[in-house]
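Notes follow the structure.
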Amino acid sequence: MKKIGIIICIAWTIVAAHVGIFAILAEVLELSEETAVIIGGIFMISCVIVLCLGIRFFWKRPNETWHSNKGWVTVENEVFEELRRADQGNAEAQCNLALRYLHGYGVNKDESAAVKWFRKAAEQGHAEAQYNLGVCYSIGNGVLEDKSEGIRWYRKAAEQGNTMAQHNLGNCYANGDGVSQDKVEAVKWYRKAAELGNAPAQHTLGVFYDNGDGVFDAIIWYSRAAKQGIADANERISVLINEVRLAAEQGDAASQFYLGMGYDRGGIFSENKAEAVNWYRLAAEQGLARAQHNLGSCYATGDGVPKDWKKAVKWYRLAAEQGDAMAQYNVGACFAEGDGVTRDWAEAVKWFRPAAEQGLVMAQYMLGVCYLKGDGVTQNRDEAIKWIRLSAEQGYEYAVSRLQELEKQEQPQKWNETSGNPAALTRRDGL
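Heads up: the sequence shown is residues 44 to 474, going by the numbering used here.
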């Protein structure tokens, strides 16, 4: 009714304008009555045409949808076009048609037909269709419920980066729904979805860490979820931060370390390297290896303290002696580079090896390099390839490149000192 009232008002305005123009033409311009009527009539017809075009542009009929290139298109025509493209094998059209049947938009609601078209698109590798087909199987919508089949389609979509499928797959592993319960596998898929920006996965990941011993990671993921509008996350962040700060002030080393991480990375607090160093030091002096390593990294980079390689080596070594792999690697790197200590390749190998045996890719690579060059150890090409391959299999770029070169060589060649030898790393340890 509101639209009809607006149209009547516009029409009345046009008529009134026509009368006014007629009077002006007749009196002011001293035109003959016949001429004034003709000109006024032309004006009135033009206004009516513009009015009709405007009404057509803005007034959507119940069975129409707007297309930027086509204007208002009837749903029937749109469905017909999608059906034509779907029959020709277009996966996107098949998925869209399935969604229509699933929700009853433009067609009669038919879950079985939705499953049919989701399957056609899914079998062509369409990730969204694979996800939706997984949902249908998981809840028995349009098809007999089959949790295992649902998981199979979730996995296909998840492996293509569909965050909803990744999140649902995480739920299945977390709850043992259709698969054996596996918290580690659940976190793996939650993390994949969370890192791609899926807010529910970010919140769920925060809950997982919150219920375990990953307070700092819990705060990080809650923060990301909160930024996307997950209300529950904000409240939990405040609680956790207050708990961590109170425990840190009471001398808890792990909480001191978490506060140091918060100030070091920023995001949770405003970045403050000096404050990070203060909290790292308190935890490091209590013997917490991760804090010792991070304090060493601060001295190595000059973040929050004057750069001092000797102090960096001191703290790295304390952490390394407790088995911290990154610290072991960095002690080895210091001996390899001569940073804060006299260069000593045998000592470097001594520290690279335990880090490599723990699976640290940089250490595996550098241990391989030492065997390849004969630095600090008897030269051994087979042993070199073994360690470099282990690193490459984890995707370490330097190792992948070096392994490709070695596999092309039939005989050992002189090591190129200018390539493939990463400098000492000073990355902060996380959780």
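Every residue gets a Cβ at the ideal spot worked out from N, C-alpha and C, and that includes glycine.
* To do: Whole angstroms is fine: what's the gap from residue 303's alpha carbon to residue 229's?
  => Approximately 29 Å between the Cα atoms of the pair.
* Asked: So, using beta-carbon positions, are residue 318 and residue 306 closer together than 8 Å?
  -> Yes. Within cutoff.
* Where does residue 227 fall in DSSP's three states? -> For residue 227, the secondary structure class from DSSP, reduced to helix, strand or coil, is helix.
* Along the alpha helix (DSSP H) that carries residue 337, what are the first and last residues, could you check? => 332 to 344 is the extent of the alpha helix (DSSP H) around residue 337.
* Should the stretch 406 to 422 be regarded as contacting the stretch 373 to 383, the criterion being three or more beta carbon pairs within less than 8 Å? -> Yes, they touch.
* Asked: Applying the criterion that 16 or more other CB atoms from any shown protein chain within 10 Å of the CB defines a buried residue, is residue 260 buried or exposed?
  -> Buried.
* At least three beta-carbon pairs within less than 8 Å, the stretch 265 to 284 to the stretch 222 to 236 -> By the Cβ criterion, the stretch 265 to 284 is not in contact with the stretch 222 to 236, since fewer than three pairs of Cβ atoms, one from each stretch, lie closer than 8 Å.
* Are the CB atoms of residue 374 and residue 388 nearer to each other than 8 Å? -> Between residue 374 and residue 388, the C-beta spacing is not below 8 Å.
* Alpha-carbon spacing of residue 360 relative to residue 371, whole angstroms -> Whole-angstrom Cα-Cα distance: 7 Å.
* Among the residues of its own chain, which have a CB less than 6 Å from the CB of residue 331, if the five just before and after it don't count? -> Taken in chain order, the residues that qualify are 296, 300.
* Could you name the residues of the same chain whose beta carbon sits closer than 7 Å to that of residue 114, not counting the 5 residues immediately before and after it, in chain order? => With a pLDDT of 43 at residue 114, under the threshold of 50, the modelled position of that residue is not reliable, and no figure is offered here.
* **Beta-carbon contacts of residue 205 that lie in its chain and below 8 Å, excluding the five residues immediately before and after** => Apart from sequence neighbours up to five positions away, the residues of its chain that approach residue 205 with a beta-carbon distance below 8 Å are 170, 171, 173, 174, ordered along the chain.
* Sorted by chain position, which residues of the same chain lie with C-beta nearer than 7 Å to residue 324's C-beta, five sequence neighbours on each side aside? -> Its chain contains 338 as the residues whose beta carbon lies nearer than 7 Å to that of residue 324, once the 5 sequence neighbours on both sides are disregarded; these appear in chain order.
* Asked: Less than 8 Å separating the beta-carbons of residue 439 and residue 409?
  -> No. Outside cutoff.
* Near residue 290, what residues of its chain come up, given a Cβ to Cβ distance below 6 Å and the 5 sequence neighbours on each side ignored? -> 298, listed in sequence order.
* Asked: Relative to the C-alpha of residue 156, which residue among 145, 164, 165, 322 is closest?
  -> Checked all of 145, 164, 165, 322; the closest Cα to residue 156 is 145.
* Do residue 273 and residue 242 have their CB atoms nearer than 8 Å? -> In this structure, residue 273 places its C-beta atom within 8 Å of the C-beta atom of residue 242.
* **Those runs of the alpha helix (DSSP H) which lie wholly inside the stretch 366 to 397 and span at least 4 residues** => At a cut-off of 4 residues, the continuous stretches assigned as alpha helix (DSSP H) that sit fully inside the stretch 366 to 397 are 368 to 380.
* Asked: Alpha carbon to alpha carbon, how far is residue 179 from residue 133?
  -> Near 21 Å, if we compare the C-alpha coordinates of residue 133 and residue 179.
* Buried or exposed by the 16-neighbour rule on C-beta atoms within 10 Å, applied to residue 285 -> Residue 285 counts as exposed, since fewer than 16 other C-beta atoms from the protein chains shown sit within 10 angstroms of its C-beta.
* Residues near residue 221 in its chain [Cβ-Cβ closer than 8 Å; skip 5 each side] -> Closer than 8 Å at the Cβ level, and outside the excluded window around residue 221, lie 181, 190, 191, 193, 194, 215.
* Distance, Cα to Cα, residue 160 vs residue 131? -> Residue 160 and residue 131 have their alpha carbons spaced roughly 12 Å apart.
* Asked: If you count every other CB in all the chains shown that lies within 10 Å of the CB of residue 137, and 16 or more means buried, which is it?
  -> Around the beta carbon of residue 137, a 10 Å sphere encloses 16 or more other beta carbons of the protein chains shown; the residue is thus reported as buried.
* Do residue 344 and residue 353 have their CB atoms nearer than 8 Å? -> Result no, Cβ atoms of residue 344 and residue 353 do not sit closer than 8 Å.
* residue 446 to residue 252, Cα distance in whole Å? -> Looking at the two C-alpha atoms, the distance is approximately 37 Å.
* Keeping to the same chain, check which residues put their C-beta closer than 6 Å to that of residue 413; ignore five residues upstream and five downstream. => A distance below 6 Å between beta-carbons, with the five flanking residues on each side excluded, links residue 413 to the following residues of its chain, in chain order: 392, 419, 420.
* Tell me whether the beta-carbon of residue 258 lies closer than 8 Å to the beta-carbon of residue 283. => Yes, these two residues count as a Cβ contact at 8 Å.
* Should residue 187 and residue 201 be called a contact, given that it needs their Cβ atoms to be closer than 8 Å? -> No, they are not a contact pair.
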